[in-house]
Amino acid sequence: MKYPFLLLLASLGLHAAVFEVKYSVSYWILGRIGTTHLRLETNNRHYRIHATAELEGVAALIARHHREHHTSEGVISSNGTLIPVQYDVNKTLDDYEDLKHYYFNRRQKRILLKEHIKHEKIARRFDLNTMHFVTEKYTKKNRSTRLLSFYCENDLLTLYFNSEHPLKNLEGGDSIFFKAVGARHGDVHVTRLKKKNRFAVKLDQDIFKSKDGILFIESDDEMYVKNALFKDVLLFGDLEIKREYLKRSP
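Numbering (our numbering), first residue to last: 61 to 310.
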């Protein structure tokens, strides 16, 4: 079982010094399985976005306490656009941690990824001294650095805060294509549905093994996400996301 960590948080516009939103996540007969929380802070011409999602109860046990924390930091342009400088993704499970740091170089039009993976392993061997099998735990670590094969102006957090204008201008049935760090190959596809304030979002990413891999979003009149739905997740049922609260301060 995986978790749609960022799309559940996505808001389609933002104009506040502090913005917080929290969603509950429910799945078929399991009921509530987790929460996701987003906070954006601005200070002069700088911003920071924190996004956290974690599972609860039986879902947490099944998914080995899967938890993710995403952070985007950068500057705010004169027209209010969020411009990321660094984007971090920290994914943890019971015995596994994957930490990714993305660095944007706008002068050279490239993005550097530094990744650090830690995996707790268990080895079983025969001890000749005791003539018994013994179990030992050890940590396998891997560090890597590489340039992404593409360049773009957004990460998955800033994309939804920067996409208000193009999305509002979409007619029902029309689609738009975005690039964002955090999606596989950077691909994000959004279609505005004919029903008011409804969108269909597809990432080139195996967030869920759903039938079509599409997240259906309902926004309020201010273009903040109210509810979302993944259809036929794991072929058993629908995953529903509902907003618990939205707070902002000037």
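The beta-carbon is built from N, C-alpha and C at its ideal position, and this holds for glycine as well.
- Annotation for TYR83: the continuous beta strand (DSSP E) segment containing it runs 78–87.
- The alpha carbon of GLY233 has as its nearest neighbour, out of TYR211, ALA260 and LEU208, the alpha carbon of ALA260.
- Taking 8 Å as the cut-off, the Cβ atoms of ILE182 and LYS197 count as close.
- Annotation: the continuous beta strand (DSSP E) that includes LYS307 extends over 297–309.
- In the DSSP assignment, LYS228 falls within the alpha helix (DSSP H) that extends over 224–228.
- Within the stretch 205–258, complete alpha helix (DSSP H) segments of at least 4 residues are found at 216–222 and 224–228, given in chain order.
- Separation of the CB atoms of ILE136 and ALA119 is rounded to 37 Å, and the pair is thereby denied contact status at 8 Å.
- According to DSSP, residue pairing for ASN150 in a beta bridge involves HIS129 and LEU159.
- According to the DSSP secondary-structure assignment, LEU289 is paired through a beta bridge with PHE276 and GLU300.
- Sixteen is the threshold: since fewer than 16 other Cβ atoms of the shown chains lie within 10 Å of the Cβ of ASP187, the residue is exposed.
- When secondary structure is reduced to three states using DSSP, LEU98 falls in the strand class.
- Put simply, the backbone Cα of ILE301 is about 46 Å away from that of VAL194.
- In this structure, ARG124 lies near ASP154, with their beta-carbon atoms less than 8 Å apart.
- In the three-state reduction of the DSSP assignment, ALA113 falls in the strand class.
- LEU173 carries a strand assignment under DSSP once its states are collapsed to helix, strand and coil.
- Beyond the five residues adjoining it in sequence on each side, LYS169 comes within less than 8 Å, by CB distance, of TYR211 in the same chain, given in chain order.
- In the three-state reduction of the DSSP assignment, ALA183 falls in the strand class, which pools E and B.
- The beta carbon of GLY297 sits closer than 8 Å to the beta carbons of TYR87, TRP88 and ILE89 from its chain, once the five residues preceding and following it are set aside; these are given in chain order.
- About 15 Å separates the CB atoms of ARG99 and GLU114; that is not less than 8 Å, and the two are not in contact.
- DSSP lists VAL135 as the beta-bridge partner residues of ILE143.
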